[in-house]
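Remarks on the structure that follows.
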Amino acid sequence: YASAPNRGLGVLPLILDSIRSRLDDGWKYTLSAYSSLAKLHPGEGEDKFDYTPIEESKVDLKDPVPQEEFANRLGQAGLMILPSGYPEICSNVVLQSLASGTPVITTGNLGATVEWVRHRKNGMLTKSLPHDFMIHIVEMVRNIVTVLENKKLHDKLIRGATKTKIFTWDEIGAKWEKMLTKL
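And the structure:
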């Protein structure tokens, strides 16, 4: 998990506990969360994110790291779990994960993430949204467990992640220019 504004961070302890209870060897799985926005931009009053439940859980809360180190850690991760409820225009962590060959398990039908993550091709997408609360969490857990229990599927998602076409800014600019000249 990685998100600067803590999108979905609060449900990670429940997701990790659920994964561990569903799998025979669930105890061996760890979940690292790269999100320490409070240290970078301390909130005030009611806006402050309460890290206490995360720190008390088995989720390994980590401080942000330099991009090169983060890329290495992403490449070593089995999955990127991102239970976000925010309609991202272009999630860098999704693109970084796919470029690192790490399948993404995230919320479907929300924002532009579905332009990059293809269900059962390079990741897994939920049908429900976070406002469906427990249904969304159950679906996230089911998707994660499905991948972790099926090595063939996991390997397929890893291969799919490495094959995901991620465009450069020049390529995107050329596509936009081509579309705009047709108007």
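For the sequence shown, the numbering used here begins at 26 and goes up steadily by one. Don't be surprised by glycine CBs; every beta carbon is placed ideally from N, CA and C. Please read all numbers here as calculations on a predicted model, not as lab measurements.
Within its chain, find whatever has a CB closer than 6 Å to the CB of residue i; leave out the 5 residues flanking it on each side and keep chain order.
i	result
V129	M105, V119, S122, V142 and G148
A27	Y59 and V118
H66	Legend: pLDDT at H66 = 49, less than 50; position of this residue unreliable, no value from coordinates given.
E196	none
By Cβ distance below 7 Å, which residues in the same chain neighbour residue i in space, the five residues on each side in sequence not counted?
i	result
R45	G51, W52 and Y54
C115	A137
T151	T132, G133, H161, E164, M165 and N168
D157	none
L182	P128, N147, G148 and V172
S43	V166
A102	T127
In the DSSP assignment, what are the bridge partners of residue i?
i	result
V129	M105 and G148
D85	S57
A27	Y59
Cβ of residue i versus every heavy atom of the ligand GDP: is any distance shorter than 6 Å?
i	result
D50	Looking at this structure, you won't find the ligand GDP or any other ligand, since it has none at all.
Can you check which of these residues, the options, is closest to residue i by C-alpha distance?
i	options	result
K188	G126, P91, L173 and P112	G126
L37	H144, Q101, D49 and M159	M159
L39	S82, Y76 and T77	S82
V84	V172, G35, L178 and G185	G35
S153	K146, A102, L41 and G110	G110
E41	L107, V90, F74 and L182	The sequence shown places Leu at residue 41, rather than the Glu named in the question. Closest by alpha carbon: L107.
H144	P155, L56 and L178	L178
I191	E140, S57, L173 and D180	E140
E213	K207, G198, R32 and D195	Nothing can be reported for residue 213: it is not among the residues displayed for the chain, which extend from 26 to 208.
G100	R184, E196 and D195	R184
D49	Q92, D180, E174 and A186	E174
Return the chain-ordered list of same chain residues with a C-beta closer than 8 Å to the C-beta of residue i, the five sequence neighbours on each side being excluded.
i	result
E80	L86
R47	V166 and V170
P78	G35 and P38
Quick check: the region 132–146 against the region 93–105, are there 3 or more CB pairs under 8 Å?
no
Taking one C-beta from the region 156–166 and one from the region 194–205 each time, how about it: are there three or more such pairs within less than 8 Å?
no
At what residue ranges does the region 161–198 contain a whole run of the alpha helix (DSSP H), taking only runs of 4 or more?
176–188
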